[in-house]
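To start, the structure itself, in structure tokens.
Protein chains in written order, with our numbering: chain H, 82 to 342; chain A, 38 to 382; chain Y, 173 to 455.
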């Protein structure tokens, strides 16, 4: 399957430069998280102080917990609603199906800025829900549903229909067929979608920025205010931790996906 | 079945996510780095409550956030003219002075300010001046800056192309240009404002950024040579890097008083008033002022001030005219147009 | 290929209801509110009176400048992402499977490292006395004064490309991975030059991926406000900054902000229509 086509030196150079470009700021970030200098342009000795300071930082700890709460809630809603919707869209035939499919996938393309503003207006003018963690969770669940629905739908459409039919032939009810045959088969897609939503929600700044309320800082919001202040390499330490945490999480997810059928 | 249980559980738990804090929490909406964290901790310990702080970067941001319906803040920190605007819009709660006996500690100079004669809605918190922070070494060649001329005059400004930072604050920056041109910084005269606009546009090519939050860091990192900024911030930068100095422009500048106020939508008004009273204690006010390097309006605190801080911050340079930003109501539209044009061009 | 039996069971409808209701309430309705607000009169924050002032103010030359600048930068970012991303995706797609997954993973990692802090890292790299400045001086390429690449439109463009590159690579890679490279070999066997083969075989068949990537990057870049704020020094206002300021800062003008948002949505809509049109012409 692989051709023996040689790759030109120019292409190799391009690729190397691109990866360098991508990883340069990351490198700087990680490197200076260990630098004793308060200003990340000078290296002055190795230290773990910033990491220690980070763990004592209450604001960040609180923001981290808030982010977890929001991401967890959004992922839960998105996974359940999205998977259900994907299943329905894949199996049902009805006239409004095409518009429905478009609606469900629209939040993916819609600029976050507009979604954020729109929800701010909703909560400020129409619904009496106070701005805070609940509103951020709701906001994240919207694009979450879209991502899960699209991902699971792809998985569903790729299933072999014979498997379910076989189950039905053997006497299983529709519900049993779903829970014992279909669901396990699409589980990698569901988990993949859930992990994706969790990551996106955890990392989201724009939408959270608009619908946040008093004391409901998520981690990205907290980081933004730290970045605007230009404060200590604690940010570097935090970013390094988030980086390696995300890598671990995604690597685990990919590994899981490969193992299941 | 499972799905339905799951959904109901999540939906049920959602509202509680917003109420993750214990019953007594004080939500403070403050400028960045404008409260000594130790002071907050001491208050929390003494009164058994939690203080949660959110930040804003300009009075206009504060106003916009409150008008967008951000209820839930118990204590806010508006500047002088912002108190006027907020009172005008009916967004502030009337303070119960019986809960704030320490008001008596205020220095006579700060009692009964023009924007709130009876302290019905606000209590002075910290005050300061606007000026220019600069690098002594970086400006040694051309001479240390003495006034707005050094940042606005193109012949002088071009020496520091890309190393000048101006406040990202509409009233402060336009006001500075007005003062430079010899007008009142609260002018609503269209011709005068037009001149100020020209000054700002002519300066823009040399300005690195409009920034109200990170200029302290930029000064210390020697990224910025001339920074339009507030006194306390620059003095804090000086404590990290004694090459930094502060000058109040000789043509005149702003003196501002930041105040504590309680929004009408607060659910914890008595607690907010308790905190205001706490901040008026002489030792607390001194602790706060020493840390932030902003002068306090608290007369009783004077004796407890760190002499290194008390000196430069408290003495207003003689012979310089100080202005206050005033509420100009609908005439603010003129400023807004200029500000938009400055940013959009 | 339709999978599974088609159910007529009414109970299956229930599965769709939660998602549909949620999206209508928290997606369609809010967007409609935005459209509505754009037709109201400005106040504190709005007055419930129909008024097209928002759109009138949108036509102000200043705002048009902001719009054009945003479109220009977004388009430039899109092109750069394509130029950088396509060869990269091609290279990855031709590696053996194990290496391929690793390389692709490595492209996505910056996306997960929290974009905000990476922008901050670029600020640190580009500022006067920053890493690039020191490098230039060390290489003897700069004069006496420190050089600042920060707070310029170029810095903004760089930030945009950096942030949105993964969004271009993802669909490109998906497209390229499905591509049968034997077709290219066949073309070479038939005597085609490298360029011709790419132009007539590779490019047309990977066009869907290119279209999706370009669409995603363009739309996102158009609404960016953090990058121009942090890397641009709050000096070059883009659409995103305009909207954000009209709602949450000075000067407050909700109808105008909403009008700009509607304009942005119109661009998104146009992009989607173009995309579907393109999809239909595909074999």
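Quick reminder that beta carbons are idealized off the backbone N, C-alpha and C, glycines included. Keep in mind it's a predicted model, so treat the numbers as computed, not measured.
For residue 244(A), the secondary structure class from DSSP, reduced to helix, strand or coil, is strand. Residue 281(Y) places its beta carbon less than 8 Å from that of residue 328(H). Contact between the stretch 290 to 299 of chain A and the stretch 109 to 124 of chain A is established, with three or more Cβ pairs separated by less than 8 Å. Here the alpha carbons of residue 309(H) and residue 137(H) stand approximately 21 Å from one another.
At a cut-off of 8 Å between C-beta atoms, residue 268(H) does not count as an interface residue with respect to chain Y. Residues 280 of the same chain have their beta carbon placed closer than 8 Å to that of residue 174(A), with the five preceding and five following residues left out of the count. Taking a Cβ-Cβ threshold of 7 Å, the residues of chain H close to residue 190(Y) are 162, 165, in chain order.
Interface criterion met: the Cβ of residue 62(A) is under 8 Å from a Cβ in chain H.
With a threshold of 8 Å between beta carbons, residue 179(A) makes no contact with chain Y.
Segment contact: the stretch 243 to 256 of chain H against the stretch 164 to 182 of chain H, fewer than three CB-CB distances shorter than 8 Å; contact not assigned. By the Cβ rule, the stretch 262 to 270 of chain H counts as touching the stretch 231 to 251 of chain H, because three or more pairs are nearer than 8 Å. With a beta-carbon spacing of about 5 Å, residue 381(Y) and residue 343(Y) fall inside the 8 Å limit used to define contacts. Around the beta carbon of residue 125(H), fewer than 16 other beta carbons lie within 10 angstroms, which makes this residue exposed. Judged by beta-carbon spacing, residue 330(Y) lies beyond the 8 Å limit of residue 265(Y), meaning their Cβ atoms are not closer than that value. Using a 10 angstroms sphere on the CB of residue 448(Y), the tally of other CB atoms stays under 16, which defines it as exposed. Around the C-beta of residue 299(H), 16 or more other C-beta atoms lie within 10 Å, and the residue is accordingly described as buried. Beta-carbon to beta-carbon, residue 202(A) and residue 261(A) are separated by about 5 Å, close enough to satisfy the 8 Å threshold.
Membership of residue 370(A) in the alpha helix (DSSP H) is indicated by the continuous run 369 to 381.
The closest CA to that of residue 336(H), considering only 276(H), 302(H), 303(H), is found on 276(H). Between residue 284(Y) and residue 331(H), the CB-CB gap stays under 8 Å.
Contacts between residue 275(H) and chain Y, judged by CB atoms closer than 9 Å, are missing: the closest CB pair is about 15 Å apart. Secondary structure note for residue 67(A): its beta strand (DSSP E) is the uninterrupted segment 62 to 68. The continuous stretches of alpha helix (DSSP H) do not include residue 265(A), which lies in the beta strand (DSSP E) extending over residues 263 to 267. Cβ-Cβ distances below 8 Å link residue 276(A) to 330 in the same chain, with the five nearest sequence neighbours on each side left out; the list follows chain order. Straight across, the Cα-Cα distance linking residue 256(H) with residue 153(H) is about 27 Å. Per DSSP, residue 172(A) is one residue of the beta strand (DSSP E) stretching across 159 to 172. Residue nearest to residue 286(A) within the set 266(A), 302(A), 278(A), 206(A) is 266(A) (criterion: CA-CA distance).
Under the three-state reduction of DSSP, residue 91(A) is assigned to strand. Residue 293(H) and residue 227(H) have their C-alpha atoms some 22 Å from each other. At a cut-off of 8 Å between beta carbons, residue 205(A) contacts chain Y. Annotated as distal: residue 153(A) and residue 310(A), with beta-carbon spacing of 8 Å or more.
Within chain H, the residues placing a beta-carbon under 7 Å from that of residue 292(Y) are 308, 316, ordered along the chain.
At a C-beta separation below 7 Å, residue 209(H) has no neighbours in chain A, since its nearest C-beta there lies roughly 10 Å away.
Following the DSSP letters along the chain, one finds residue 370(Y) in no beta strand (DSSP E), marked with neither H nor E. Beyond the five residues adjoining it in sequence on each side, residue 233(H) comes within less than 7 Å, by CB distance, of 163, 164, 167, 267, 270, 271, 274 in the same chain, given in chain order. In this structure, the CA atom of residue 301(A) is about 20 Å from the CA atom of residue 218(Y).
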